[in-house]
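Chains as they are written, first to last, in numbering that gives the first Met the number 0: chain A, 0 to 123; chain B, 0 to 361. What follows is one structure encoded as structure tokens, with my remarks underneath.
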Amino acid sequence: MATHTSIVKAGDFILRTPLLRSIFVPTSHFFIKQAGYREIGLKLDDLIFDETPVVQKALSRLPAKESYARNFRTLTAAQCAITHHLLPKEQWVKAEEDTPYLLPYLLEVEAEVAEREALDNITV
Amino acid sequence: MLSRRFASSTRGFATKVTAKEFSGKVSTLTVKVNAGSSVASKDGLAHLLSRFNFHNTTPRSALRLTRESELLGGQFESKVDRESITLSAKFLAESLPYYVNALGDVLKSTSFRPHELPESVLPAAKVDAASANACPVFKADELLHALTFRSGLGAPLYYDGVQKISLEDIKEYAAKVYTQSNIEIIATGVNQADLTKFISDSVFAQLPAGESLAAKAAPKTFEGAETRFRSAGQSVAGVAVPVKAADYATYQVLTSYLNSALSTLNVEAKFSQYSQVGLFTIIAKSSDATAVAADIKAAVAQLKAGLDLSAAKALAATELALAEETTGVKAVDVAAVKDFKLGKFNYVAVGDVNNLPFADEL
Numbered sequence: 000m001a002t003h004t005s006i007v008k009a010g011d012f013i014l015r016t017p018l019l020r021s022i023f024v025p026t027s028h029f030f031i032k033q034a035g036y037r038e039i040g041l042k043l044d045d046l047i048f049d050e051t052p053v054v055q056k057a058l059s060r061l062p063a064k065e066s067y068a069r070n071f072r073t074l075t076a077a078q079c080a081i082t083h084h085l086l087p088k089e090q091w092v093k094a095e096e097d098t099p100y101l102l103p104y105l106l107e108v109e110a111e112v113a114e115r116e117a118l119d120n121i122t123v
Numbered sequence: 000m001l002s003r004r005f006a007s008s009t010r011g012f013a014t015k016v017t018a019k020e021f022s023g024k025v026s027t028l029t030v031k032v033n034a035g036s037s038v039a040s041k042d043g044l045a046h047l048l049s050r051f052n053f054h055n056t057t058p059r060s061a062l063r064l065t066r067e068s069e070l071l072g073g074q075f076e077s078k079v080d081r082e083s084i085t086l087s088a089k090f091l092a093e094s095l096p097y098y099v100n101a102l103g104d105v106l107k108s109t110s111f112r113p114h115e116l117p118e119s120v121l122p123a124a125k126v127d128a129a130s131a132n133a134c135p136v137f138k139a140d141e142l143l144h145a146l147t148f149r150s151g152l153g154a155p156l157y158y159d160g161v162q163k164i165s166l167e168d169i170k171e172y173a174a175k176v177y178t179q180s181n182i183e184i185i186a187t188g189v190n191q192a193d194l195t196k197f198i199s200d201s202v203f204a205q206l207p208a209g210e211s212l213a214a215k216a217a218p219k220t221f222e223g224a225e226t227r228f229r230s231a232g233q234s235v236a237g238v239a240v241p242v243k244a245a246d247y248a249t250y251q252v253l254t255s256y257l258n259s260a261l262s263t264l265n266v267e268a269k270f271s272q273y274s275q276v277g278l279f280t281i282i283a284k285s286s287d288a289t290a291v292a293a294d295i296k297a298a299v300a301q302l303k304a305g306l307d308l309s310a311a312k313a314l315a316a317t318e319l320a321l322a323e324e325t326t327g328v329k330a331v332d333v334a335a336v337k338d339f340k341l342g343k344f345n346y347v348a349v350g351d352v353n354n355l356p357f358a359d360e361l
């Protein structure tokens with residue numbers, strides 16, 4: 000399975016390569032608009048499937064403020080889904096607010112897991 | 000027999016380096032930092048910093064350090080006491096450079112990641128405190144220190160959560176105490192010249208110069224106080240006397256006397272020798288509080304009446320010489336010791352306090 004580390008690596012490669020960049024960046028903007036998660040108050044990192052030990056560990060390391068904001072966004076989105084409404088336009092998450100707040104923690108946890116895996120299977 | 004050479008040097012930088020050569024294969028490397036509970040500005044800070052040692056550092060993670068050390072056949076330990084935090088490593092003599100670097104990295108570049116405090120440092124510290132405080136003798140010792148010294152040496156040894164300690168506090172404390180002048184390196188089973196060379200090439204040499212935080216003057220002591228602590232389990236009654244540096248010899252001999260077969264008393268004596276002051280304690284312990292009461296009364300009565308210690312001088316001299324060989328604590332000269340008479344003291348009762356005497360009944 001692709002780990003977040005490998006996804007970030009692939010993303011960096013795309014951003015470094017002008018041709019790929021010119022294809023993928025507009026596609027990603029199109030995807031974000033079609034997915035519509037910002038219209039119910041979510042950030043991209045809120046969509047990460049969180050029922051895995053790695054993501055749970057990363058979530059437990061979020062600062063209290065970030066964790067509260069995440070829960071608030073989840074509740075808002077759930078309410079929007081139940082009532083079949085989008086948020087008023089001024090409350091949509093703006094592009095500059097859609098920050099990868101969870102990703103650094105995820106990458107750190109994944110690095111720890113990979114290191115443990117490597118050390119568990121070390122040959123000397 | 001062990002062939003050895005004893006040498007000490009401060010060449011190159013401010014850290015005191017002592018090495019003893021043994022013919023054995025196992026070496027130890029100990030870094031003694033003047034940063035114990037009496038130095039810390041908040042209660043429990045020294046304990047938490049000690050628990051933070053051997054966690055993630057910039058060059059390698061905690062897991063990697065542990066696994067690498069296991070492969071080399073070595074062990075790490077970090078302990079806190081009232082005057083110092085002691086980081087020690089035990090390893091095979093040929094891996095000395097690795098361990099010098101590893102210990103240096105711990106002092107210089109521990110990363111203090113925010114998640115480490117709640118995930119591994121605090122739980123471990125709480126277990127330390129809970130298991131120590133479950134022992135009534137430790138509890139009595141803590142209370143006697145608190146009665147005698149109030150602050151400083153009287154501060155609790157372990158983190159108890161009374162004073163809130165943040166990661167920033169621990170970082171600041173680490174930066175303050177892990178300095179060249181405040182640490183001392185003691186090694187056994189290694190060559191002095193090798194050790195000095197490895198240390199001056201390692202991150203130890205990059206530590207800030209700083210200043211020594213060791214106690215320079217004897218702290219104020221208090222006598223004649225009493226406290227009682229109810230708890231289930233064994234009962235303990237303890238008596239403590241603060242000891243001036245000039246009287247160390249008398250109390251060393253007294254401790255040897257009371258712990259030997261020469262004494263008929265059913266108590267345990269302990270002499271905690273700190274750099275500027277000492278604390279002599281006698282502890283009676285039993286699951287039966289009335290027996291404890293009888294033991295401590297008999298002990299105090301005998302010590303108040305006066306005790307001729309000349310019989311125990313040879314024993315104490317031998318014990319001290321042995322301790323000097325194994326731990327490097329300098330032996331005091333006990334030749335002039337004559338007799339002992341107990342004056343004012345601090346008293347603590349822990350356990351079934353209903354059946355333990357009060358200080359004025361002793």
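C-beta atoms are modelled at their ideal positions from N, C-alpha and C, and glycine is treated no differently.
Check: From this set, B:V161, B:S68, B:T195 and B:F137, which residue's C-alpha is nearest S234 (chain B)'s C-alpha?
Finding: Comparing alpha carbon positions, the residue from B:V161, B:S68, B:T195 and B:F137 closest to S234 (chain B) is B:F137.
Checklist line | Cutoff 7 Å: L118 (chain A) Cβ touching any chain B Cβ | finding: L118 (chain A) has a beta carbon lying within less than 7 Å of a beta carbon in chain B.
Next item on the list: With N345 (chain B) as the anchor, note down where its alpha helix (DSSP H) starts and where it stops.
Entry: Note, N345 (chain B): premise wrong, no alpha helix (DSSP H); beta strand (DSSP E) at N345 to G350.
Check: Does any residue of chain A bring its CB to less than 7 Å from the CB of R59 (chain B)?
Finding: False, the Cβ-Cβ gap to chain A never drops below 7 Å.
Check: With respect to the beta strand (DSSP E) encompassing G160 (chain B), which residues constitute its N-terminal and C-terminal limits?
Finding: Segment: none, G160 (chain B) is in no beta strand (DSSP E) and carries neither H nor E.
Checklist line | Residues near F75 (chain B) by beta carbon distance below 7 Å, same chain, minus five either side | finding: Closer than 7 Å at the Cβ level, and outside the excluded window around F75 (chain B), lie F53, S68 and A88.
Check: By the criterion of Cβ-Cβ separation under 7 Å, what are the contact partners of H114 (chain B) in chain A?
Finding: Neighbours of H114 (chain B) on chain A, chain order: R60.
Notebook entry, point to check: Span of the beta strand (DSSP E) holding T27 (chain B)?
Noted result: In the DSSP assignment, T27 (chain B) falls within the beta strand (DSSP E) that extends over V25 to V32.
Check: CB of A61 (chain B) to nearest heavy atom of the ligand ADP: below 6 Å?
Finding: With respect to the ligand ADP, the structure offers nothing, as it holds no ligand at all.
Note to self: Please list the terminal residues of the continuous beta strand (DSSP E) segment that includes Q74 (chain B).
What the structure shows: The continuous beta strand (DSSP E) containing Q74 (chain B) extends over residues Q74 to V79.
Notebook entry, point to check: With distances taken between CB atoms, is the gap from K15 (chain B) to E183 (chain B) smaller than 7 Å?
Noted result: Yes.
Note to self: Tell me which residues of the region 53-85 of chain B have at least one Cβ-Cβ distance to chain A shorter than 8 Å, keeping chain order.
What the structure shows: Contact residues of the region 53-85 of chain B toward chain A are S60, L62, R63, R66 and L70 (C-beta to C-beta distance below 8 Å).
Note to self: Quick check on DSSP: helix, strand or coil for D119 (chain A)?
What the structure shows: Residue state, collapsed to three classes: helix.
Item checked: Whole-angstrom distance between Y98 (chain B) and G362 (chain B), CA atom to CA atom -> Residue 362 (chain B) is absent from the structure shown; chain B starts at 0 and stops at 361.
Check: Taking Cβ-Cβ distances shorter than 9 Å, what residues in chain B pair up with E114 (chain A)?
Finding: Listed along chain B, the residues sitting closer than 9 Å to E114 (chain A) by beta-carbon distance are S60, L62 and R63.
Note to self: Here's the rule: buried if 16 or more other CB atoms are within 10 angstroms of the residue's CB, otherwise exposed. What is E82 (chain B)?
What the structure shows: Flag for E82 (chain B) reads buried.
Item checked: Contacts that V54 (chain A) makes with chain D (C-beta to C-beta distance below 9 Å) -> No chain D appears in this structure, whose protein chains are A and B.
Checklist line | Chain-ordered neighbours of V123 (chain A) on chain B, where CB pairs are closer than 7 Å | finding: Under the 7 Å cutoff, chain B gives L70.
Note to self: Pull the bridge partners of F228 (chain B) from the DSSP assignment, please.
What the structure shows: Under the DSSP definition of a beta bridge, F228 (chain B) partners with B:V349.
Checklist line | alpha helix (DSSP H) segments (min. 4 residues) lying fully within the region 190-278 of chain B | finding: If we require 4 residues or more, the alpha helix (DSSP H) runs fully inside the region 190-278 of chain B come out as 191-200 and 247-258.
Next item on the list: Just tell me which of A:C79, A:G10 and A:L105 has its CA closest to the CA of G35 (chain A).
Entry: The option with the nearest alpha carbon to G35 (chain A) is A:C79.
Item checked: Distance, T280 (chain B) Cα to R66 (chain B) Cα -> Spanning the two alpha carbons is a distance of roughly 42 Å.
Note to self: Using the three-state DSSP reduction, which class does T9 (chain B) fall into: helix, strand or coil?
What the structure shows: Only weak support is given to the placement of T9 (chain B): the predicted model assigns it a pLDDT of 45, under 50, and the question is left unresolved by the model.
Notebook entry, point to check: Helix, strand or coil: which one does DSSP assign to L1 (chain B)?
Noted result: For L1 (chain B), the predicted structure reports a pLDDT of 40, less than 50, and the residue's modelled location is therefore unreliable. The matter cannot be settled from this model.
Item checked: F90 (chain B) in three-state terms, based on DSSP -> DSSP places F90 (chain B) in strand when its eight states are reduced to three.
Next item on the list: Mark R20 (chain A) as exposed unless 16 or more other C-beta atoms lie within 10 angstroms of its C-beta, in which case mark it buried.
Entry: Exposed, because fewer than 16 other Cβ atoms sit within 10 Å of the Cβ of R20 (chain A).
Checklist line | Backbone CA spacing between S2 (chain B) and T325 (chain B) [nearest angstrom] | finding: Bear in mind that the predicted position of S2 (chain B) carries a pLDDT of just 38, short of 50, making it unreliable; the figure below should be weighed with that in mind. In this model, S2 (chain B) and T325 (chain B) are separated by some 14 Å (Cα to Cα).
Next item on the list: Can you tell me which of the three DSSP states L41 (chain A) falls into?
Entry: If DSSP states are grouped into helix, strand and coil, L41 (chain A) belongs with coil.
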